[in-house]
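According to the UniProt record's numbering, the sequence shown is numbered sequentially starting from 1.
Ideal Cβ placement from N, Cα and C applies to all residues, glycine included.
In this text the structure is predicted, and so the values were computed from the model without any measurement.
Worksheet for the structure shown next.
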Amino acid sequence: MSDVEPDGPKYCIEHASTGMATCQQAACKRAGSKIAKGESSIGTNTIFDRDGSPESSRLIHHTACTTKHQLSGLKEMTNNDATQAPGYDQLSPESQEQLRLAFEHDSVVDKTFKDIRPDLAAFSSEFRGEITNAYEIKAPKAFHEQDRSGDLDVTEGHDGPEGLDDLATIPATFKAAVLKTLNDGKLTETATNEPEDPPKKLRAKRPKADEKHNEKPKRGRKKRTAKVMEADSDSEPEYVPRKTVRTRNVEETVDPAVTNIEALATAMRKNAGGG
1 MSDVEPDGPK YCIEHASTGM ATCQQAACKR AGSKIAKGES SIGTNTIFDR DGSPESSRLI
61 HHTACTTKHQ LSGLKEMTNN DATQAPGYDQ LSPESQEQLR LAFEHDSVVD KTFKDIRPDL
121 AAFSSEFRGE ITNAYEIKAP KAFHEQDRSG DLDVTEGHDG PEGLDDLATI PATFKAAVLK
181 TLNDGKLTET ATNEPEDPPK KLRAKRPKAD EKHNEKPKRG RKKRTAKVME ADSDSEPEYV
241 PRKTVRTRNV EETVDPAVTN IEALATAMRK NAGGG
């Protein structure tokens, strides 16, 4: 930690300039409890080294969450005079009364006190603002490296907003939004990031020469074996017997001598019979 004292006071009482800061009281911090814009709050300025240079940030509490250490520090720096507390003149009468009561009793009297007054939201200088990495880009280092609480004077130690680290490296659209946020004390919305280029269509991978050479041949259908084998041109034609049809009515040739004998025998049989 640096021995350099912050340029501003250690403590400051104010109506929060935005609704972005998280209360640093342990229970509120665990719950992510935000301090509403215009709500009565107490800030503790801290300083630390960054690359050999002193940097400052501010830790914010609800006024109702003011610690005894903070209250003791306020009383010491103001000689126990609540009206001398930094920011006292910009507070509402109700918040001024709560601070006076806390000084008298050495503790916060009303643990539910909020006193939300957006019309009194603090904006102590031209470049005062609460900046977070709300643009989904690499925000300037002064924003995300110094900011531990969501609320700090980002231009502390710089020559106006143009002197912020890395401000020149962000797109013009976001730069304009950052500068406007610094000047207005509230978050300025920007257009969404430019749409990404449509994905390129993937081309089919061409096989390399070696892969093409080593490709396995495709399986094809087997050809049926021919039923009739072709004969060699030098061989003799095969003999194929022809089918023949038998002639049923074939006339037999009869010897004339046999005919004469049969006729004689017939005549003799007739004579023997007496006829």
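Sequence-distant residues of its chain with Cβ nearer than 6 Å to residue i (five each side left out)
| i | result |
| --- | --- |
| leucine 264 | none |
| alanine 272 | none |
| glutamate 76 | none |
Limits of the alpha helix (DSSP H) - the one that residue i falls within
| i | result |
| --- | --- |
| serine 72 | 68 to 77 |
| leucine 59 | Segment 53 to 62 is the beta strand (DSSP E) holding leucine 59; no alpha helix (DSSP H) there. |
| cysteine 28 | 26 to 31 |
| arginine 206 | Neither: arginine 206 is in no alpha helix (DSSP H) and is coded neither H nor E. |
| glutamine 98 | 93 to 105 |
CA nearest to the CA of residue i, picked from the options
| i | options | result |
| --- | --- | --- |
| serine 17 | Ile42, Gln24, Pro9 and Lys29 | Ile42 |
| glycine 38 | Thr46, Glu14, Tyr88 and Glu94 | Glu14 |
| isoleucine 116 | Arg206, Arg269, Lys34 and Thr46 | Lys34 |
| asparagine 80 | Gly19, Ser95, Asp106 and Thr67 | Asp106 |
| glycine 87 | Ser40, Val258, Ala267 and Thr259 | Ser40 |
| serine 92 | Ala176, Phe103, Pro118 and Ala102 | Pro118 |
Sub-8 Å separation of residue i and residue j beta-carbons
| i | j | result |
| --- | --- | --- |
| cysteine 23 | histidine 61 | yes |
| arginine 58 | alanine 82 | no |
| alanine 64 | lysine 10 | no |
| alanine 31 | glycine 19 | no |
| threonine 66 | valine 108 | yes |
| phenylalanine 113 | glutamine 90 | no |
| serine 53 | asparagine 45 | no |
Start and end residues, beta strand (DSSP E) containing residue i
| i | result |
| --- | --- |
| cysteine 12 | 11 to 15 |
| threonine 259 | Premise fails: threonine 259 lies in the alpha helix (DSSP H), 256 to 272, not in any beta strand (DSSP E). |
| phenylalanine 48 | 40 to 50 |
Residue-level contact to chain E via CB, residue i, 8 Å cutoff
| i | result |
| --- | --- |
| threonine 259 | Absence of chain E from the displayed structure is noted, only one protein chain being present. |
Residues near residue i in its chain [Cβ-Cβ closer than 7 Å; skip 5 each side]
| i | result |
| --- | --- |
| glutamine 84 | Thr78 |
| valine 228 | In this prediction, valine 228 has a pLDDT of 47, which is less than 50 and means its spatial position is unreliable; what the coordinates show is noted afterwards. Cβ within range, chain order: n/a, list empty. |
Under 8 Å: do the segment 26 to 37 and the segment 67 to 74 share three or more Cβ pairs, one atom per stretch? By the criterion of at least three beta-carbon pairs nearer than 8 Å, the segment 26 to 37 is not in contact with the segment 67 to 74.
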